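Please read the structure below before turning to the comments.
Protein chains: 4
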Amino acid sequence: MSAMAFVSITPLGDGESVSCYVSRAVKVIKESGLEWQLTPMGTIIEGDRLEDVLAVINKASEILEECNRLSISIKIDYRRDRAGGLDKKVKSVLEKL
Amino acid sequence: MSAMAFVSITPLGDGESVSCYVSRAVKVIKESGLEWQLTPMGTIIEGDRLEDVLAVINKASEILEECNRLSISIKIDYRRDRAGGLDKKVKSVLEKL
Amino acid sequence: MSAMAFVSITPLGDGESVSCYVSRAVKVIKESGLEWQLTPMGTIIEGDRLEDVLAVINKASEILEECNRLSISIKIDYRRDRAGGLDKKVKSVLEKL
Amino acid sequence: MSAMAFVSITPLGDGESVSCYVSRAVKVIKESGLEWQLTPMGTIIEGDRLEDVLAVINKASEILEECNRLSISIKIDYRRDRAGGLDKKVKSVLEKL
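First to last, the protein sequences are chains A, B, C and D. All residue numbers for the first sequence refer to the UniProt record's numbering, where the first residue is 1 and numbers rise by one. All residue numbers for the second sequence refer to the UniProt record's numbering, where the first residue is 1 and numbers rise by one. All residue numbers for the third sequence refer to the UniProt record's numbering, where the first residue is 1 and numbers rise by one. All residue numbers for the fourth sequence refer to the UniProt record's numbering, where the first residue is 1 and numbers rise by one.
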């Protein structure tokens, strides 16, 4: 099983530059123990169970408690029939380029 | 507090037409007790707590247990400083058109 | 052919309440001549060609020229083998609920 | 100016494994001349103009002409007041971790 999520958490109304908030959310993801990878447009997280990945996203959002409004974008690739691996997916595309 | 989510759950590898799967996921949302609205591109759910909305999305995904691969797209507008209301947001834009 | 898009255009750094900006973007969509439907989480647009739908989204974003930073979320269901219809998709799910 | 997009193009109805289609779409992105980065959940593209980035996404989708149905997810960070840089955004978050 593999639940792989691309997630982006952005405060609205707390200024144009949001990297100080984003880094606090990423810290929660980093400390969750799940596989993770930072990209310029969001963070990719992978866990065996969808529930665990959603719980980390919830916690990463709730850490920004002083932000009145958050825009959270999530895209999940949930595969029940196999284990994942952040590198494997990139490799399988690169090989065919 | 208001956590409003647009969610789309799509099986990959189970054919081009997916409405029979989508309706089973929507049924879970409908029976969750949260506010919901079906749109041509996904379902909108609203709850007071982000955690509750994510739990319903998890359940709606897990109901499709025979689908090996699911693509789940979620966009959330999380507002800590006020209650929401599906109609209110549409009204506040329509008034300004 | 049918390119149906869910689109949400949000300025960052222009305050917590963004409905005045959203309504100006929706006005461009409304005047585009394409099928459209406003929802609490974004606007759904439908055209025969993907290129036309993306062009309207581009125009709706560029109208907010005073906004330094925009977050634009787009989800597209692109079907080459049939015409769409905003109502048809909702109906085909509701019937199975 | 910087239009940075995370894009994921997935055929529906063409089987569970889609990497052969994804790599053909990524090839179009790679040959576009724009900055790009492959991630496990999608490809990140950056151009000076939003219109150029959307045109590449359109072309990358149209290359998969035998696919009857495509699900296309796009998240764009559009900044009018500064140049971008794929590495800069990651760096500004990592520094604060």
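For glycine and all other residues, C-beta sits at the position ideal for the given N, C-alpha and C. Just so you know, these numbers come straight off a predicted model, no measurement behind them.
{"Check": "Hey, is ILE57 of chain D close to the ligand MG, as in C-beta under 7 Å from one of its heavy atoms?", "Outcome": "Inclusion of the ligand MG in the displayed structure is not the case, the ligand content being empty and no account of it being possible."}
{"Check": "Quick check on the DSSP output: the beta strand (DSSP E) that includes GLU46 of chain A runs from which residue to which?", "Outcome": "42-47"}
{"Check": "Relative to the alpha-carbon of ASP48 of chain C, which residue among C:SER2, C:GLU95, C:LEU97 has its alpha-carbon at the smallest distance?", "Outcome": "C:SER2"}
{"Check": "By the DSSP assignment, the beta strand (DSSP E) with residue 134 of chain D in it spans what residues?", "Outcome": "One cannot answer for residue 134 of chain D here, as it falls past the ends of chain D, which runs 1 to 97."}
{"Check": "Sorted by chain position, which residues of the same chain lie with C-beta nearer than 6 Å to ALA5 of chain C's C-beta, five sequence neighbours on each side aside?", "Outcome": "ILE45, VAL53, ILE74, ILE76"}
{"Check": "Verify the CB distance criterion: does TRP43 of chain A have a CB-CB separation below 8 Å to chain C?", "Outcome": "A quick correction: the sequence has Thr, not Trp, at residue 43 of chain A. No, THR43 of chain A does not count as interfacial toward chain C."}
{"Check": "Checking contacts by CB at 8 Å: is SER71 of chain D closer than that to chain B?", "Outcome": "yes"}
{"Check": "Flag this pair as touching only if the segment 53-72 of chain D and the segment 82-93 of chain B have three or more C-beta atom pairs under 8 Å; answer yes or no.", "Outcome": "no"}
{"Check": "Could you name the residues that DSSP lists as bridge partners for ARG69 of chain B?", "Outcome": "A:ARG79, B:LEU12"}
{"Check": "Starting from GLU35 of chain A, trace the alpha helix (DSSP H) in both directions and tell me its first and last residue.", "Outcome": "Careful: GLU35 of chain A lies outside any alpha helix (DSSP H), inside the beta strand (DSSP E) at 35-39."}
{"Check": "Does DSSP classify residue 116 of chain A as helix, strand or coil?", "Outcome": "Coverage of chain A is limited to positions 1 through 97, which leaves residue 116 of chain A absent and any answer about it impossible."}
{"Check": "Please name the residue or residues paired with SER2 of chain D in a DSSP beta bridge.", "Outcome": "D:ARG79"}
{"Check": "Near SER8 of chain B, which residues of its chain fall below 6 Å by C-beta distance, leaving aside the five closest residues on each side in sequence?", "Outcome": "GLY42, SER73"}
{"Check": "Starting from VAL18 of chain B, find everything on chain D with Cβ-Cβ shorter than 8 Å and list it in chain order.", "Outcome": "LEU12"}
{"Check": "Tell whether a beta-carbon distance below 8 Å holds between SER61 of chain A and LEU50 of chain B.", "Outcome": "yes"}
{"Check": "So what's ILE74 of chain D in DSSP terms, helix, strand or just coil?", "Outcome": "strand"}
{"Check": "List the residues that DSSP assigns as beta-bridge partners of VAL90 of chain D.", "Outcome": "Beta-bridge pairing links VAL90 of chain D to no other residue."}
{"Check": "Can you list, in chain order, the residues of its chain with a C-beta nearer than 7 Å to that of ILE29 of chain D? Leave out the 5 residues immediately preceding and following it.", "Outcome": "TRP36, THR43, ILE45, VAL56, ALA60"}
{"Check": "CB-CB under 7 Å to VAL18 of chain B, same chain, minus the five flanking residues each way: which ones, in chain order?", "Outcome": "THR10, PRO11"}
{"Check": "Once DSSP output is grouped into helix, strand and coil, what is the label at VAL56 of chain A?", "Outcome": "helix"}
{"Check": "Looking only at its own chain, which residues have a Cβ that is under 7 Å from the Cβ of GLY13 of chain B, when we skip the five neighbours before and after it?", "Outcome": "ASN68, ARG69"}
{"Check": "Is the shortest distance between the beta-carbon of GLU46 of chain B and the beta-carbons of chain A less than 8 Å?", "Outcome": "no"}
{"Check": "Just to confirm, is the Cβ distance from LEU97 of chain B to SER23 of chain C under 8 Å?", "Outcome": "yes"}
{"Check": "Which word fits ARG82 of chain C, buried or exposed, when buried means at least 16 other C-beta atoms lie within 10 angstroms of its C-beta?", "Outcome": "exposed"}
{"Check": "Name the chain D residues that come within less than 7 Å of GLU35 of chain C, Cβ to Cβ?", "Outcome": "Correct list: empty, because the minimum Cβ distance to chain D is about 18 Å."}
{"Check": "Which residues of chain A have a Cβ atom closer than 9 Å to the Cβ of ASN68 of chain C, listed in chain order?", "Outcome": "GLU16"}
{"Check": "ALA25 of chain A to TYR78 of chain B, Cα distance in whole Å?", "Outcome": "15 Å"}
{"Check": "In or out: GLY15 of chain D buried (at least 16 other Cβ within 10 Å) or exposed?", "Outcome": "exposed"}
{"Check": "LYS89 of chain A: which of D:LYS89, D:LYS88, D:GLY84, D:PRO40 sits nearest, CA to CA?", "Outcome": "D:PRO40"}
{"Check": "At the 8 Å Cβ level, is ILE63 of chain A part of the contact set with chain B, yes or no?", "Outcome": "no"}
{"Check": "Which chain C residues sit within Cβ distance under 8 Å of ARG24 of chain D?", "Outcome": "In chain order: nothing, as chain C lies at least about 15 Å away."}
{"Check": "Taking VAL93 of chain C as the query, report the chain B residues whose CB atoms sit under 8 Å from its CB, ordered along the chain.", "Outcome": "SER19, VAL22, SER23, VAL26, LEU38"}
{"Check": "Considering only residues of the same chain and omitting the five flanking positions on each side of TYR21 of chain D, which have a CB-CB separation below 6 Å?", "Outcome": "PRO11, LEU64"}
{"Check": "According to DSSP, simplified to helix, strand and coil, what is VAL18 of chain A?", "Outcome": "coil"}
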